[in-house]
Amino acid sequence: MTIRRRLLLTCAASGSLLALTCLVAPLVGSTQISLLRALDRSIPFADNVDAQIFFIARMPRVAAGVVVGAALASAGVVLQALFRNPLATAETLGISAGAALGAILAITAESWISLGPFSPVAIASLVGALLAIAVVYLLASAPRRPLSTAVLLLAGVTLNAFISAIILFVQYLADFTQSYRAIRWLIGDLDVGTFAPVLGALPLVVVAFVMFSLLPSSLNLLSVGGDLAATRGVNVVNVQRLAFFSAGLATSAAVSLAGPVAFVGIVVPHLVRLVVGVDHRVVLPVAALFGASFLVGCDLIARTAMAPVELPVGIVTAMIGGPFFLWLLVRRG
Amino acid sequence: MAARAKRLIPVAAVACAWAAVLAAQQAPARRIISLVPALTEALYAIGAGPSVVAVSSYDDYPPEVKTLPRVGALLDPDTERILSMRPDLVLAYGTQDALKAQLQRTGIPVFDYRHGGLADITATIRRLGVETGHVSGANRVVLEIERRIAEVRARVAERPRPRVLLVFGREPLSLRNVYASGGQGFLHDLIDAAGGTNVFGDVRRESVQVSTEMLLSRAPEAIIELRVGAPPAGEQARREREAWQRLPGVPAVRSQRVFILHGDHLLVPGPRVALAAEDVARALHPEVFR
Amino acid sequence: MLQVADVSFGYGPSGQERPARAPFTLRDVTVDVPRGSLTGLLGPNGCGKTTLLKVMSGVLEPSRGRVTLEGEPLHAIPRRRRARRIAVVPQETHPAFDYTVMEMVLMGRHPHLGAFAIEGPADLAVSRDALAATGTAHLAQRRYMTLSGGEKQRVVIAAALAQAADLLLLDEPTASLDLGYQLETAGLLAELNSKRGVTMVLATHDLNLAGLLCSQLVLLRAGRVLGQGATRDVLTTAMVRQVYDVEADVSYHPGAGHLTVVPLRRSGHTDVHR
Chain A
1 MTIRRRLLLT CAASGSLLAL TCLVAPLVGS TQISLLRALD RSIPFADNVD
51 AQIFFIARMP RVAAGVVVGA ALASAGVVLQ ALFRNPLATA ETLGISAGAA
101 LGAILAITAE SWISLGPFSP VAIASLVGAL LAIAVVYLLA SAPRRPLSTA
151 VLLLAGVTLN AFISAIILFV QYLADFTQSY RAIRWLIGDL DVGTFAPVLG
201 ALPLVVVAFV MFSLLPSSLN LLSVGGDLAA TRGVNVVNVQ RLAFFSAGLA
251 TSAAVSLAGP VAFVGIVVPH LVRLVVGVDH RVVLPVAALF GASFLVGCDL
301 IARTAMAPVE LPVGIVTAMI GGPFFLWLLV RRG
Chain B
1 MAARAKRLIP VAAVACAWAA VLAAQQAPAR RIISLVPALT EALYAIGAGP
51 SVVAVSSYDD YPPEVKTLPR VGALLDPDTE RILSMRPDLV LAYGTQDALK
101 AQLQRTGIPV FDYRHGGLAD ITATIRRLGV ETGHVSGANR VVLEIERRIA
151 EVRARVAERP RPRVLLVFGR EPLSLRNVYA SGGQGFLHDL IDAAGGTNVF
201 GDVRRESVQV STEMLLSRAP EAIIELRVGA PPAGEQARRE REAWQRLPGV
251 PAVRSQRVFI LHGDHLLVPG PRVALAAEDV ARALHPEVFR
Chain C
1 MLQVADVSFG YGPSGQERPA RAPFTLRDVT VDVPRGSLTG LLGPNGCGKT
51 TLLKVMSGVL EPSRGRVTLE GEPLHAIPRR RRARRIAVVP QETHPAFDYT
101 VMEMVLMGRH PHLGAFAIEG PADLAVSRDA LAATGTAHLA QRRYMTLSGG
151 EKQRVVIAAA LAQAADLLLL DEPTASLDLG YQLETAGLLA ELNSKRGVTM
201 VLATHDLNLA GLLCSQLVLL RAGRVLGQGA TRDVLTTAMV RQVYDVEADV
251 SYHPGAGHLT VVPLRRSGHT DVHR
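Chains as they are written, first to last, in the numbering used here: chain A, 1 to 333; chain B, 1 to 290; chain C, 1 to 274.
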């Protein structure tokens, strides 16, 4: 089958799955609602609880799931190819840790700094993530020297550990309710409440995806070998930079919106590769689409599993992702 | 009647003897360490304040405790310092097993604190009175709490009971990670005493993380937010109140019955709980407090 | 076709930038690769063979001197156009993901593809042809990582052929292969050179392979060129002693039809451990 046909088929399949998930997800939740009533224009919106739940609680939540799931899954694909390591994720690079530190500082300092659609915690985590990206990049690259992915990975892992230590320290100084809230933020959840934060994060994700679209065939070559890619016309240094910054940007936007939702960046790429093969021209778009439906699906479970109480989605992804990750390790071993 | 009284005589005799033995063993505690702020307050209220030698790192009430040494808290008790202060009673959380085991090995009695409802607060204060030899002080405090809460109940008794959401934590300037009282614990009892019905009364837990959907579906008629500390400046308070405007469909928001209460006493299950009940009741039913 | 003129190169601590005092890996190297030739690079471990190949492919930029492809400075040629002229077969290829053989070979088409790098029927035809030429057509749908060493090497050569370059640089193409695969690969290279007219530069430790395949040899030691010339002139007992510190018997083998080298012992006069 030619690449064009495969791309068309797999994208159509994963796209339909996403459409189906997005249709079902807003209809199901911890409360029973009637779609007819929700869409009934004759009842004033203020009196129509079904409509409010549908449009204010569920639709933005599904939208956030789509944006965050697609961003984290694609970032995972890109980083795994960049580091030639199928287990690399944004967590390995310290980006999530940077976001977490920002968020936790905002929580413990009771920050009041907000910016447009970004709440104080969202803006602080975004800044934290972007700073972490900058620090890792500066550590791994000196002027007039190509990026060393080995150093990049080491810098990321070290920064991750170091920031985690600072987080523990900040938590230690924080009072009890603050550390409790910080821990809950670290789980990650999609209950954004309005479309505003989703729309705020969207431009960053769109820029990241435009950058992603330039990458797939270069990532194929890069994942076979850096020097080999260079002899086949790939501008290795530029591709590495583009991959690192686009994945970083997508992760930052996603984490500032939903917190560091665990394991999406590892589970989704691997599942996708199991089904559609490893060609990044197919894997990247399919992972974006499937990542979106995966997270919306996980959130569906999170919202209904313990009704009337709702779980943060990060618990569900971690429950699925943890065992999956171990299975991957055993299988590779 | 007489027969029954006769049968009770040996029981009473045994009880008296046992009480005497207990009293002989337990002289009133003279050196008390409290790791539980609610209990620290209770100690001072019942008159055991002068015996308190150290408190937890979160204690700041009554003002006398500010000069006392701090020996850690729930997660990080400084066992070495606690032992070195030679306490004859340590008030600790029921979950601090490692600390309790160490104290018991050295023969230091531990007062086991368990979180609970309004009734548990008064029971705890009475028990504290017995353990510290301040039974009459404890009785006085408990009766005062019960009297004031009864008064609150009486005032709001004839009023309609709104469905209340009681929030004790959320992200600043947003409606994310909202934590509210479930159907257990003293906050739930506070709502009841103050003349409201907890919207999460059916959830058998102390706290609930509330999603937007739950806020909408539970449709509280009044929202009470309890916050520790002094009220913020006017601008911040206004923006914080405005955060709720994102859900204009919630009846409480529509009828402007969102109340953000500030005060260090609001979230402490101690002797000032009656004050908290009065504050909540005043917010819910201002008309009966004029 | 490819001229390497007075090239020196030194590695810095982490890549290309060489600090002032770091030693050169290559020193004043001059090599001429004529069109249609099959050039062997010989020398002991660490003599600079792989570095010279990377300089020839443009992966490394020389610190001094110049490399030209038919008169044009190599680094002035845009990457993709350069990749359409020069293809490389590395010593070993370990993809991070489980690509199929066909995918691996199609990647050779990269410098010929447009912006979104979707290959068309022509690219597929070239790749199938490359698979056929290397005798791996039957492996097309197999996973690369499940292949034997010899099959892998053939597939990587097929990918380089699919690149449709007229200069092929090979780094120890037979190093990890058993005797049978060595002969097969050697036969394949000879055929590609003679039938397709592909110019080749081949770094190798296998002096018999060099004797079998190469029309000319370049002898390297410690980053310098010790000698260069037609195989029959250069592959001698004296050369083996000079380059490898080994006493060897070099003679024409009538059955094989080329020069063969039988190593006898280490030469006495040099440090065995260097």
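Each residue gets a CB set at the ideal place from its N, CA and C atoms; glycine is no exception.
Its Cα nearest to that of V151 of chain A, the residue A:L93 stands out among A:G233, A:G102 and A:L93. For N177 of chain B, the C-beta contacts it makes with chain A under 7 Å involve R181, R184 and W185, in order along the chain. At a Cβ-Cβ threshold of 8 Å, D112 of chain B and A29 of chain B do not count as neighbours.
In this structure, the beta-carbon distance from V199 of chain B to L226 of chain B does not fall below 8 Å. Fully enclosed beta strand (DSSP E) runs of no fewer than 3 residues occupy 207-210, 222-227 and 258-262 of the stretch 204-263 of chain B, in order along the chain.
Membership of H188 of chain B in the alpha helix (DSSP H) is indicated by the continuous run F186 to A193. Close CB contacts of A243 of chain B within its chain, under the 7 Å cut and outside five residues either way in sequence, are with L173, S174 and L175 (chain order). L221 of chain A is not a Cβ neighbour of S14 of chain A, given a cutoff of 8 Å. Sorting A:F325, A:F45, A:F209 and A:N235 by C-alpha distance to the C-alpha of S218 of chain A places A:N235 at the top. A residue is called buried once 16 or more other Cβ atoms fall within 10 Å of its Cβ, and P109 of chain B, having fewer, is exposed. Residue pairing by DSSP places E41 of chain B opposite no residue, since no beta bridge is assigned to it. With the rule of 3 Cβ pairs closer than 8 Å, the stretch 227-239 of chain B does not count as touching the stretch 13-32 of chain A.
Within its own chain, the residues whose Cβ lies closer than 7 Å to the Cβ of R85 of chain C, once the five positions on either side in sequence are excluded, are L69, A165, D166 and L167, listed in chain order.
The C-alpha of P197 of chain A is placed about 9 Å away from the C-alpha of G116 of chain A. In summary, the residues of the stretch 98-116 of chain A whose CB is separated from some CB of chain B by less than 8 Å are A106, I107, E110, S111, W112 and S114, in the order they occur in the chain. When secondary structure is reduced to three states using DSSP, I163 of chain A falls in the helix class. Within the same chain, Cβ atoms closer than 8 Å to the Cβ of V156 of chain B are found at A194, G195, A281, L284, H285 and V288, the five residues on either side in sequence being excluded. With its beta carbon at least 8 Å from every one in chain B, F169 of chain A lies outside the interface. V250 of chain C is a Cβ neighbour of V240 of chain C, given a cutoff of 8 Å.
Proximity of V49 of chain A to chain B, defined by a Cβ-Cβ separation below 8 Å, is satisfied.
Not flagged as an interface residue toward chain A: L165 of chain B, since no C-beta distance is shorter than 8 Å.
Here D28 of chain C carries a strand assignment [DSSP, helix/strand/coil]. From the listed residues B:R170, B:T106 and B:L247, the smallest Cα separation to E80 of chain B is found for B:T106. The Cβ atoms of L220 of chain C and L53 of chain C lie no closer than 8 Å to each other. In this structure, the CA atom of V126 of chain C is about 18 Å from the CA atom of G233 of chain A. Per the DSSP secondary-structure output, S34 of chain B pairs in a beta bridge with B:V55 and B:L91.
In this structure, A:L249 is the residue among A:A63, A:L249 and A:I163 with its C-alpha nearest to the C-alpha of L204 of chain A. The residue among B:V152, B:A38, B:G133 and B:A276 with its C-alpha nearest the C-alpha of L187 of chain B is B:A276. In the three-state reduction of the DSSP assignment, E110 of chain A falls in the coil class, being assigned neither a helical nor a strand state. Under the Cβ criterion (8 Å, minimum of three pairs), the stretch 42-50 of chain B does not count as touching the stretch 153-164 of chain A.
Taking 8 Å as the cut-off, the Cβ atoms of D50 of chain A and A38 of chain A count as close. T21 of chain A is positioned such that its CB atom lies closer than 8 Å to that of S293 of chain A.
Residues are counted here when their Cβ sits less than 8 Å from a Cβ of chain A; for the stretch 55-75 of chain C these are S57, G58 and V59, given in chain order. For a Cβ distance threshold of 8 Å, residue set V88, P90 and T93 of chain C lies close to L228 of chain A, ordered along the chain.
The way I'd put it, the stretch 156-163 of chain C does touch the stretch 76-93 of chain C; three or more beta-carbon pairs between them come closer than 8 Å.
Residues of chain A with a Cβ closer than 7 Å to the Cβ of D98 of chain C are, in chain order, V278.
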